[in-house]
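*Asks:* Going by UniProt numbering, the first residue of the sequence shown is number 1, and it counts up by one from there.
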Amino acid sequence: MNSDYGKLQLRMKRSHKLPALPANVVRLINAIDHGEASALDLEKIIASDSSIAAKVLSATNFMAPQLAQSPHSTLRSAILVVGQRAIRSIATSLMMTHFVGARNEEHTEQLGRVSRHCLATGLLSRYVFARMQRDEPFESELQADELFAAGVLHDLGLGLLSVLDPESFERTYFLAEKMSSTLDVAFRRLFEGELTGLTIAAFAGYGLPHLYSSILESLWQPWKNKSEFRTVCAVSYAHWLAGELGFRAEFWECHAELEPEVQVTVSLSEEEIALLQPALEQQVESYLSIAA
């Protein structure tokens, strides 16, 4: 790790340097983390901003289609059906999707691709995790909706880099294109550190739950997280598959590496992957329209 990377991490950790999250999203996260809020309390927090409330309800109906079948679906019923942790994950990922996709006018095209890549990774993380649990159940501290949030948030550091240090953001893109590599490889070459490390630092700055960090800390080396090895493999595989299905953050043709430990742990057939692509494209566009 070089000194420039350490400085970038420090800037991400300083909450006063970061673009502000909506106040009621911060209140929602804190209320759920403290474990003392009722469904009514959470409903009041979310409903304090009508625009965000509508997005949270739409996103929850999207993630839990059984809610949308009822004409009387409300925030409170959504909270009771999917649970507080799922609501926290949905609200957080919804705000971050909007933030990454629309924050910086100078890098709109790049961040639009980053946003689509992150959302595809989140949706695939949720799918792969649930499928692995169905085929061979295993213990994990995370729920499927929290895997969705971890996947959506995994490149938050890259999005924030475009705001906090545009030059480093542009250098990363420039080198990656010259090398025909992924952005992760180019960033690692420039700064001797991981983009996910910036995301983890930003989690600390925003006060986001540590369980997201615990997954991303070992995203490229899942074997280092023995207690959540299979969970990390689900997100790592989803990140790789998103790129293979055309949801890469890069404008050029490149391929991320898939570690052999992940390959032997997650096994989706070519037929299943082919069936996933059209559904994923539809889901990404639908969710982005909710977050807009």
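No residue lacks a Cβ here, since even glycine has one placed at the ideal position from N, Cα and C.
Report buried or exposed for A274, applying the criterion of at least 16 other Cβ atoms within 10 angstroms of its Cβ.
*Replies:* With fewer than 16 other Cβ atoms within 10 Å, it is exposed.
*Asks:* Excluding the 5 residues flanking L190 on each side, which residues of the same chain have their C-beta closer than 7 Å to its C-beta?
*Replies:* So the qualifying residues of the chain are R171, T172 and L175.
*Asks:* Starting from the C-beta of L195, find all residues in its chain whose C-beta is less than 6 Å away, skip the five residues before and the five after it, and write them out in chain order.
*Replies:* So the qualifying residues of the chain are G157, L158, D184 and F187.
*Asks:* On the CB-based measure, 16 or more other CB atoms within 10 Å of its CB, does P19 come out buried or exposed?
*Replies:* Exposed.
*Asks:* Pick from V114, L268 and L245: whose alpha carbon is nearest that of A279?
*Replies:* Here the closest residue by C-alpha is L245.
*Asks:* What do you get for L208, buried or exposed, if any count of 16 or more other CB atoms within 10 angstroms of its CB means buried?
*Replies:* Burial call: buried.
*Asks:* Would V235 and L219 be called neighbours here (beta carbons separated by less than 8 Å)?
*Replies:* In this structure, L219 lies closer than 8 Å to V235 by Cβ.
*Asks:* Would you kindly work out how many angstroms separate the C-alpha atoms of G83 and N30, rounded to a whole number?
*Replies:* Rounded to whole angstroms, G83 to N30 spans 15 Å at the Cα level.
*Asks:* Does the stretch 161 to 169 come within contact of the stretch 131 to 139, defined as at least 3 CB pairs closer than 8 Å?
*Replies:* With the cut-off at 8 Å, the stretch 161 to 169 and the stretch 131 to 139 do not touch.
*Asks:* Under 7 Å Cβ to Cβ from K13, same chain only, skipping five residues before and after it: list those, please.
*Replies:* Contacts found: A201, A204 and G205.
*Asks:* From the DSSP output, in three-state form, read off W223 for me.
*Replies:* Three-state result, W223: helix.
*Asks:* Alpha carbon to alpha carbon, how far is L241 from F62? Give it in angstroms, no decimals.
*Replies:* Answer to the nearest angstrom: the Cα atoms are 22 Å apart.
*Asks:* Output the boundary residues of the alpha helix (DSSP H) element that contains V185.
*Replies:* Run containing V185: L183 to F191, per the alpha helix (DSSP H) assignment.
*Asks:* Would you decide whether S115 is buried or exposed? Buried here means 16 or more other CB atoms lie within 10 Å of its CB.
*Replies:* It is buried - the Cβ of S115 has at least 16 other Cβ atoms within 10 Å.
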